[in-house]
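Following: one structure in structure tokens, then a few remarks.
In this note's numbering, the protein residues as written are 15 to 312.
The structure is reproduced here in structure tokens:
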């Protein structure tokens, strides 16, 4: 069977150093790796960020043992566009830079793909005759404490956060999303998300694509007060869709490497194959859309 090229694009900014843990997880199976960074070192919100140029290049040289990495620099900030529109613009430019064909995978530097080799095998054995997105569940890290990480914990499978990660025809409309049919899988990704220092969180909420979607400073205030004594009282945490983040769980580990090992041994959730087959069935999807329309009419 002819193997499709595996092309992985990263959006790089002030938190490039997370690549030290995230990039090795995908390096072996990737054919092309694009590290995309604004040439003026400004965010999607137009804010200038500090960037250790020499440290970044030293890290890339150390990790790029097979010369797979291409650094793509361009002007990704357009003042007339919103932060999300600038994000979408950069993601589409990454796709253009890596050229059509193969599987296009887009990640951020703070996303740790747990079983990328199995994910690539899944892609190589898939036969889709139309454009599709392949979606993976996120394990969102919410805060780093002295004795471990607080992660988002959802009991309801419907609230599991799936992100469109790979596509056979790259085209992005909102973050990594578009109008293609979504295929759900159980290849989990650890997402550093909010598990950062206070200064990093302030940088994140002032510069990311969701800057205008909710009251970031109010959310930050609640996050700042969170600790190992009160985390069980935090419910419905998602700032845009509260019920999507039901509660928090504590996973004990000293760093990301230990956390990856712990999650591999004891996954925080199990997604049934039946659920995945059902959710990835186009006829079931159309049935759900029809039922939703009927409920609205009633």
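For every residue, glycine included, the Cβ atom is placed at its ideal position computed from N, Cα and C.
Indicate the three-state DSSP secondary structure (helix, strand or coil) for residue i in the structure shown.
i	result
residue 101	helix
residue 236	helix
residue 159	strand
residue 143	coil
residue 281	coil
residue 312	With a pLDDT of only 39 at residue 312, under 50, the local geometry of the prediction cannot be trusted, and the value read off the model is given with reservation. DSSP places residue 312 in coil when its eight states are reduced to three.
residue 249	coil
residue 120	strand
residue 126	strand
residue 30	helix
Would you report the Cα separation of residue i and residue j, rounded to the nearest angstrom?
i	j	result
residue 329	residue 244	The structure shown has nothing for residue 329, since the chain only spans 15 to 312.
residue 86	residue 246	43 Å
residue 80	residue 302	46 Å
residue 300	residue 151	22 Å
residue 171	residue 197	16 Å
residue 111	residue 132	26 Å
residue 205	residue 195	23 Å
residue 270	residue 32	10 Å
residue 50	residue 258	30 Å
residue 45	residue 216	35 Å
residue 98	residue 287	33 Å
residue 54	residue 89	7 Å
residue 12	residue 58	Outside the displayed span of the chain (15 to 312) sits residue 12, for which this structure offers no information.
residue 234	residue 17	45 Å
residue 161	residue 36	22 Å
residue 290	residue 236	34 Å
residue 114	residue 183	7 Å
residue 241	residue 219	20 Å
residue 21	residue 82	10 Å
Kindly indicate which residue of the options has the alpha-carbon position closest to the one of residue i.
i	options	result
residue 116	33, 139, 125 and 94	139
residue 127	103, 288 and 275	275
residue 282	263, 272, 296 and 293	263
residue 256	52, 288 and 166	166
residue 211	186, 203, 238 and 190	238
residue 149	75, 181, 26 and 27	181
residue 168	284, 306 and 193	284
Is there a Cβ of chain C sitting closer than 9 Å to that of residue i, yes or no?
i	result
residue 295	No chain C is present in this structure, which holds just one protein chain.
Discussion item. Which runs of the alpha helix (DSSP H) at least 4 residues long sit entirely within the segment 162 to 230? Give them in chain order.
Written reply: Considered as a whole, the segment 162 to 230 harbours 212 to 221 as its complete alpha helix (DSSP H) runs of no fewer than 4 residues, in chain order.
Practice prompt. Inspect the CB distances between the segment 54 to 67 and the segment 143 to 162 and report whether three or more fall short of 8 Å.
Written response: A contact between stretches requires three or more CB pairs, one per stretch, nearer than 8 Å, and the segment 54 to 67 fails this requirement with the segment 143 to 162.
Practice prompt. Report the residue ranges of all beta strand (DSSP E) runs contained in full by the segment 52 to 97; include only those spanning at least 3 residues, in chain order.
Written response: Fully enclosed beta strand (DSSP E) runs of 3 or longer: 83 to 88.
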